[in-house]
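Presented below is the structure to which this report refers.
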Amino acid sequence: MAGEWEEVPLGDVITLQRGFDLPSQDRKPGKVPIVSSSGISDYHSDVGVIGPGVVTGRYGTIGQVFLIKDDYWPLNTTLWVKDFHGNDPQFASYLLRTVDFRSCSDKSSVPGVNRNDLHRIPVLRPPLAEQKAIAAVLGVLDDKIELNRRMNATLEAMARALFQSWFVDFDPVRAKLDGRQPTGLDQATAALFPATFQDSPLGPIPRGWTAKPLPEAVEVNPRRTLKAGTIAPYLDMKNLPTQGHSADEVVGREFSSGTKFHNGDTLLARITPCLENGKTGYVDFLADGQVGWGSTEYIVFAPKPPLPPQFGYLLARSDALRTHAIQNMTGTSGRQRVPSECFSNFQLAVPTPAIAHRFDELTAPLMAKIKANSNESRTLATLRDTLLPKLLRGELTVPQAERCTA
Numbered sequence: 099m100a101g102e103w104e105e106v107p108l109g110d111v112i113t114l115q116r117g118f119d120l121p122s123q124d125r126k127p128g129k130v131p132i133v134s135s136s137g138i139s140d141y142h143s144d145v146g147v148i149g150p151g152v153v154t155g156r157y158g159t160i161g162q163v164f165l166i167k168d169d170y171w172p173l174n175t176t177l178w179v180k181d182f183h184g185n186d187p188q189f190a191s192y193l194l195r196t197v198d199f200r201s202c203s204d205k206s207s208v209p210g211v212n213r214n215d216l217h218r219i220p221v222l223r224p225p226l227a228e229q230k231a232i233a234a235v236l237g238v239l240d241d242k243i244e245l246n247r248r249m250n251a252t253l254e255a256m257a258r259a260l261f262q263s264w265f266v267d268f269d270p271v272r273a274k275l276d277g278r279q280p281t282g283l284d285q286a287t288a289a290l291f292p293a294t295f296q297d298s299p300l301g302p303i304p305r306g307w308t309a310k311p312l313p314e315a316v317e318v319n320p321r322r323t324l325k326a327g328t329i330a331p332y333l334d335m336k337n338l339p340t341q342g343h344s345a346d347e348v349v350g351r352e353f354s355s356g357t358k359f360h361n362g363d364t365l366l367a368r369i370t371p372c373l374e375n376g377k378t379g380y381v382d383f384l385a386d387g388q389v390g391w392g393s394t395e396y397i398v399f400a401p402k403p404p405l406p407p408q409f410g411y412l413l414a415r416s417d418a419l420r421t422h423a424i425q426n427m428t429g430t431s432g433r434q435r436v437p438s439e440c441f442s443n444f445q446l447a448v449p450t451p452a453i454a455h456r457f458d459e460l461t462a463p464l465m466a467k468i469k470a471n472s473n474e475s476r477t478l479a480t481l482r483d484t485l486l487p488k489l490l491r492g493e494l495t496v497p498q499a500e501r502c503t504a
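Each residue of the sequence shown is one higher than the last, beginning at 99 in the numbering used here.
Pasting the structure below:
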C-alpha cells in the first residue's frame, strides 16, 4: 500500500449531518429529488442541498449509500455529507459503502445509526489523485448499471404503452373507426383489428373480442408443486421491485410454506403498503422447469392461452387493475390485504388469438432485453462489490482493477 495513505477517523474525511423534515403536505411539484433512507422517493420544487452529494440512511433502511449528482433534498431519515474536507465526493460514497453500519446501530425495533459513532470509525484515506482514480474505475461499472436501468425503464414503458393502447384504450380500433391508419402499426398488424365495437359487460369492446372476468383469462394463484424441505430460489417481499419487473435478489432457501411460482408468472404484493408502493415482479430468473417460492403475501397471475405470459405483468402494472385491488383491500388499518376473490369482479377485454400472438411477438423481445440488461447489471454489481473493498484497503491497485473491468 502506498505510503501516502493514512488511517484517519471517518469524520476527518466527511462530516455527516441529519436531513430535513418535509411533510407530504408541504411538498410542491418540481424536479429536485427527495432522498430517503432507501433512495430517491419523490421530487420537490425547493433545493435542500447543493449537489453533488452523498446520502445514507439514519433510520429505516440502514447501510445503503447514494451518490446524488444534482441538487437534492435529504429527508430527516437520512444523513448527508455536509463537508467533504477536500476529498472526492464519489470516492467518499464508495468509502461509506465499506463502513459497518451495524456497529453504530442502536439495535432498537426501528434500526438507527448515530453519526457521531460513524465519525469515529477508522478508515484509510488515499491522496486526492488516488481517490479520483479509484472513483473513476468503480464509476465505470456504476455508469453501465445506470445505463441499463434507464434502458430497461424505456423498454418497459414501451411495453406498457402498447398494452394500454391495444387493450385499454383500443386505439387501433378507434383509428379505423375514424377512417385513419392506426398510429405506429404496419398494415399487417393493423389488419388484425376490427373497425367497429360491440357491447359487453365491460362496455364497448372491439368486435370479435370477449369480455371475461379476470380469473377466466388469467389464472389467479395457480397450483405449483414444491416439496417441503427442497432448497429452491426464494424471493423476499423486500426484494420485489417497486419499479420495473426484475427482482433485486433471489437466494436459495429451504421451502417450508409460501407462495410458489415459475417462469412467466407475475407476482403482485397483496398487503399494504407494499401494494400501494407498486411492488410487482415478473418471474424470469428461474431455470427451465424450476419452481421458486416467496412471501405468502404474493398474488400470482398466470395468463391462459391465447394471452402471453407478459400480459399478466403488464396487467398487474396497469392503473385500472391496481386501483381495483386497492379499493378491494380488507382488514384493519395498517394490516389490509387484497382478497384473491376480488378479481372475479374485474372484467378484461380478451383479444382474438391473432392479436394476442402479435402482441407477444412485439413485447417478448422487450422483456428478453430487460432480462439480459438486468443480468448484466447483476454481474457488474458483483464485480464492483468485489473490487471496492480491495481498492479501498490498498490491496489492489487502480491499474490492476482496470484490467479486471476491461
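Even for Gly, the Cβ is constructed at its ideal location relative to N, Cα and C.
All values reported here derive from a predicted model rather than from experimental measurement.
The beta strand (DSSP E) enclosing residue i, as first and last residue numbers
{"i": "Thr113", "result": "113 to 116"}
{"i": "Phe359", "result": "357 to 359"}
{"i": "Ile166", "result": "163 to 166"}
{"i": "Thr421", "result": "Thr421 -> not in any beta strand (DSSP E); alpha helix (DSSP H) instead, spanning 417 to 425."}
{"i": "Gly392", "result": "390 to 392"}
Neighbourhood of residue i by C-beta, 6 Å cutoff - its chain only, sequence neighbours within 5 removed
{"i": "Asp269", "result": "Ser263"}
{"i": "Phe261", "result": "Leu412"}
{"i": "Met99", "result": "Unreliable positioning characterises Met99 in this predicted model, as indicated by a pLDDT of 48, which lies under 50. The coordinate reading is nonetheless provided below. Counting only Cβ-Cβ distances below 6 Å, and skipping sequence neighbours, we find Gly492."}
{"i": "Thr287", "result": "Arg456"}
{"i": "Ala233", "result": "Asp186, Gln188, Phe189"}
{"i": "Ala293", "result": "Lys274, Leu275"}
Residues sharing a beta bridge with residue i, DSSP
{"i": "His142", "result": "Val130"}
{"i": "Ile397", "result": "Leu366"}
{"i": "Ile329", "result": "Glu352"}
{"i": "Ser203", "result": "Val211"}
{"i": "Tyr157", "result": "Gly210"}
{"i": "Gln445", "result": "Pro311"}
{"i": "Pro508", "result": "A question about residue 508 goes unanswered here, because the residues of the chain that appear run from 99 up to 504."}
{"i": "Glu317", "result": "Ala400"}
Residue i (DSSP reduced to helix, strand or coil)
{"i": "Thr477", "result": "helix"}
{"i": "Lys242", "result": "helix"}
{"i": "Glu352", "result": "strand"}
{"i": "Pro107", "result": "strand"}
{"i": "Glu347", "result": "coil"}
{"i": "Trp307", "result": "coil"}
{"i": "Lys180", "result": "strand"}
{"i": "Pro187", "result": "helix"}
{"i": "Gln262", "result": "helix"}
{"i": "Thr294", "result": "coil"}
{"i": "Glu439", "result": "helix"}
{"i": "Thr378", "result": "strand"}
{"i": "Met99", "result": "Here Met99 scores only 48 on pLDDT, less than 50, and its place in the model should not be relied on; the value that follows carries that caveat. Met99 falls in the coil class under three-state DSSP."}
{"i": "Gly151", "result": "strand"}
{"i": "Glu254", "result": "helix"}
{"i": "Thr430", "result": "coil"}
{"i": "Gly301", "result": "coil"}
{"i": "Thr484", "result": "helix"}
{"i": "Arg195", "result": "helix"}
{"i": "Asp458", "result": "helix"}
{"i": "Glu228", "result": "helix"}
{"i": "Pro371", "result": "coil"}
Same chain only: Cβ atoms within 7 Å of residue i, ignoring 5 sequence neighbours per side
{"i": "Gln115", "result": "Leu177, Trp178, Lys180"}
{"i": "Leu283", "result": "Pro270"}
{"i": "Thr308", "result": "Val448"}
{"i": "Val238", "result": "Thr503"}
{"i": "Glu474", "result": "Asn246"}
{"i": "Val436", "result": "Arg368, Leu373, Ile397, Ala423, Asn426, Met427"}
{"i": "Arg322", "result": "Lys358, Phe359, His360, Val389"}
{"i": "Gly511", "result": "Nothing in the structure corresponds to residue 511, since the chain is present only between 99 and 504."}
{"i": "Phe441", "result": "Leu312, Pro313, Val318"}
{"i": "Val111", "result": "His183, Asn185, Ala190, Leu193, Val221, Arg223"}
{"i": "Thr159", "result": "Ser135, Ser136"}
{"i": "Asn174", "result": "Arg116, Gly117, Phe118, Asp119"}
Near the ligand FAD: residue i beta-carbon under 6 Å from a heavy atom
{"i": "Gly392", "result": "With respect to small molecules bound, the structure shown includes none, and the ligand FAD cannot be examined in it."}
Same chain only: Cβ atoms within 8 Å of residue i, ignoring 5 sequence neighbours per side
{"i": "Val153", "result": "Gly117, Val133, Val163, Phe164, Ile166, Tyr170, Pro172, Thr176, Leu177, Trp178, Val179"}
{"i": "Pro220", "result": "Glu105, Val106, Pro107, Leu108"}
{"i": "Val348", "result": "Pro331, Tyr332, Leu333, Asn337, Phe383, Gly390"}
Segment limits, alpha helix (DSSP H) that includes residue i
{"i": "Leu283", "result": "Taken as a continuous stretch (DSSP letters only), Leu283 belongs to no alpha helix (DSSP H), as it is neither H nor E."}
{"i": "Gly410", "result": "407 to 414"}
{"i": "Leu222", "result": "First-last for Leu222: 220 to 223, but that is the beta strand (DSSP E), not the alpha helix (DSSP H)."}
{"i": "Thr503", "result": "496 to 503"}
{"i": "Pro121", "result": "Unbroken run through Pro121: none, as it is neither H nor E."}
{"i": "Asp269", "result": "269 to 275"}
Validate contact between the region 493 to 502 and the region 405 to 424 using beta carbons, cut 8 Å, 3 pairs: no
Stretch pair the region 120 to 134 + the region 238 to 251: three plus CB contacts closer than 8 Å: no
Three or more C-beta pairs below 8 Å linking the region 386 to 401 and the region 355 to 366: yes
Inter-stretch contact (C-beta, 8 Å, three-pair minimum) for the region 250 to 257 and the region 333 to 347: yes
Three CB pairs or more closer than 8 Å across the region 308 to 317 and the region 427 to 437: Fewer than three beta-carbon pairs drawn from the region 308 to 317 and the region 427 to 437 are found closer than 8 Å, and the two stretches are therefore not classed as touching.
Inter-stretch contact (C-beta, 8 Å, three-pair minimum) for the region 194 to 201 and the region 224 to 238: no
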